[in-house]
Amino acid sequence: ATQQKGLLPQILEELLGARKKAKADMKAEKSKGKDMDPLTYAVYDGRQLALKVSANSVYGFTGAQVGQLPCLEISSSVTGFGRQMIESTKQQVEAHYNRANGYEHDAVVIYGDTDSVMIKFG
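Its first residue numbered 2, the sequence shown is counted upward by one per residue in my numbering.
So, in structure tokens, the structure goes:
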């Protein structure tokens, strides 16, 4: 028996695939060096950012209790996975960037949110 791909995975694959292409187009434009067209580069950048926001909004509307497609299990799993990734990043940074490994100071992750961490190096 074959399993049909769900609507949300299809939407996300399309959005993220298009974003990946826009980022590749940006890279190709930038590789032109002095022949790079800043307007073309900006268009590709705007496109990839719009696709990122659109993909992120899929998570947002699954978390809305009143809306077109509420599914708290999906939004909870997204935030839970995000917390795991931040904690894993914290552990790896602090385990590697420290005096025991020859660095001048121990790195300390002082803040983490969504897709970034703030690290104090000394």
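Think of the CB as a built atom: it goes at the ideal place given N, C-alpha and C, for glycine as much as any other residue.
Please read all numbers here as calculations on a predicted model, not as lab measurements.
- Beta-bridge pairing by DSSP links Val44 to no other residue.
- Where Lys6 is concerned, there is no enclosing alpha helix (DSSP H), because DSSP gives it neither an H nor an E.
- Excluding residues up to 5 positions away in sequence, Met27 lie with their Cβ nearer than 7 Å to the Cβ of Asp46 in the same chain.
- The shortest CA-to-CA distance from Thr80 to any of Asp114, Leu16, Gln49 is the one to Asp114.
- Assignment of Gly113 by DSSP, reduced to helix, strand and coil, places it in the strand class.
- Within the model, the alpha-carbon separation for Gln4 versus Gln11 is close to 13 Å.
- Here the region 82–94 makes contact with the region 105–119; the two share three or more CB pairs at distances below 8 Å.
- Between the region 49–61 and the region 16–36 there are three or more C-beta pairs closer than 8 Å, enough to call the two in contact.
- With respect to Ile120, Tyr104 sits apart: the two C-beta atoms are not nearer than 9 Å.
- Leu40 and Ala101 have their C-alpha atoms some 48 Å from each other.
- For Leu70, the number of other beta carbons within 10 angstroms of its own is below 16, and it is reported as exposed.
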